[in-house]
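J.:
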Amino acid sequence: MKVVKYMVKINLMTPFNISSGQERRGSVQRRTVLCKNRPYIPGSTIKGKIRDNFYKITDLNHTENDCNCVMCTIFGGQGYKPSKIYVDDFLPVESESTENKDLAVRYGIAINRYSKTNKDNRLYSREVATGGKFCGNITVYFDDETIRYKRNIEMAMKMVNSIGGGHSKGFGRAEVQWEEV
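Residue numbering for the sequence shown follows the UniProt record's numbering, beginning at 1 and increasing consecutively.
This is the structure in structure tokens:
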């Protein structure tokens with residue numbers, strides 16, 4: 001088994017929102033996840049983006065239920081099929097970023113696509129972090145079967161170009177840089 005560790009830096013060029021799914025007090029409907037009162041990017045978010053990109057670029061014979069394809073071998077599957085890729089949470093980089101990672105509230109209104117008018121009572125709010133740089137580690141445990149997909153995993157990491165929700169509203173545009181350590 002070969003262990004490969006990547007140090008990954010994500011530069012968010014636009015504000016982003018990754019909601020926790022938990023309601024907090026206040027008028028904002030979608031709150032940004034926080035760690036020690038600072039926005040961060042959960043490892044599960046990055047792993048999901050990498051898995052989706054890996055699926056797009058790899059010719060797989062994947063089925064939803066009992067699957068033994070390479071994607072399920074690397075990223076984990078149903079039952080006892082543990083993942084061979086571990087993604088840390090991505091925390092803000094203080095020393096490299098002079099940008100402010102404060103939170104702001106953005107408001108919007110839902111539009112009816114057919115009549116092209118606003119929908120009644122559809123004002124919504126979203127808490128966004130104002131971008132910046134984030135850093136984390138990705139560790140992959142390759143075996144003889146999965147080592148040949150190393151390049152695809154690296155390409156899938158590079159393909160991550162947006163993080164969080166609200167892509168159509170311009171949120172979460174990202175640039176990913178990684179190096180093997």
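Ideal Cβ placement from N, Cα and C applies to all residues, glycine included. Since we're looking at a predicted model, the values are computed, not measured.
Tell me, which residues are paired with I41 by DSSP?
T.: Residue 41 sits at position 41 when you count from the first residue of the sequence shown. DSSP lists F90 as partners of I41.
J.: Give a yes or no on whether the C-beta atoms belonging to N17 and G108 are separated by under 8 Å.
T.: Numbered from its first residue, the sequence shown carries residue 17 at position 17. Numbered from its first residue, the sequence shown carries residue 108 at position 108. No; because the gap between Cβ atoms is not below 8 Å, this pair is not in contact.
J.: Alpha carbon to alpha carbon, how far is T73 from P82? Give it in angstroms, no decimals.
T.: The residue labelled residue 82 in the question sits at position 82 within the sequence shown. The residue labelled residue 73 in the question sits at position 73 within the sequence shown. Approximately 8 Å between the Cα atoms of the pair.
J.: For residue 183, collect the residues of the same chain with a Cβ closer than 7 Å to its Cβ; drop the 5 residues on either side in sequence, then sort them by chain order.
T.: As displayed, the chain neither begins before 1 nor continues past 181, which places residue 183 out of reach and without an answer.
J.: Tell whether a beta-carbon distance below 8 Å holds between Y40 and L103.
T.: Taking the sequence shown and counting its residues from 1, one reaches residue 40 at position 40. Taking the sequence shown and counting its residues from 1, one reaches residue 103 at position 103. No; because the gap between Cβ atoms is not below 8 Å, this pair is not in contact.
J.: Helix, strand or coil for R122? Go by DSSP, reduced to three states.
T.: Along the sequence shown, one-based indexing puts residue 122 at 122. It is a strand residue.
J.: Which word fits L123, buried or exposed, when buried means at least 16 other C-beta atoms lie within 10 angstroms of its C-beta?
T.: Numbered from its first residue, the sequence shown carries residue 123 at position 123. Exposed, since its Cβ has fewer than 16 Cβ neighbours within 10 Å.
J.: Alpha carbon to alpha carbon, how far is C67 from Y80? Give it in angstroms, no decimals.
T.: To locate residue 80, count along the sequence shown from 1; it is residue 80. To locate residue 67, count along the sequence shown from 1; it is residue 67. If you take the alpha carbons of Y80 and C67, they lie about 12 Å apart.
J.: From the DSSP output, which residues share a beta bridge with V177?
T.: On the sequence shown, position 177 is the one that residue 177 refers to. In the sequence on display, residue 177 carries Gln and not Val. According to DSSP, which records beta bridges pairwise, Q177 is partnered with K9.
J.: At which residues does the alpha helix (DSSP H) containing F75 begin and terminate?
T.: Taking the first residue of the sequence shown as 1, we reach residue 75 at position 75. That run of the alpha helix (DSSP H) goes 70-75.
J.: My guess is that P15 and A110 are in contact by the Cβ rule of under 8 Å, so how many angstroms apart are they, rounded?
T.: The residue you call residue 15 lines up with position 15 of the sequence shown. The residue you call residue 110 lines up with position 110 of the sequence shown. Rounded, the Cβ-Cβ distance is 20 Å, inconsistent with contact.
J.: Are the segment 114-123 and the segment 140-148 touching by the rule of at least three beta carbon pairs closer than 8 Å?
T.: At 8 Å Cβ cutoff, the stretches do not touch.
J.: Is it buried or exposed, I57, if we count other Cβ atoms within 10 angstroms and call 16 or more buried?
T.: Walking along the sequence shown from the start, residue 57 turns up at place 57. Result: exposed.
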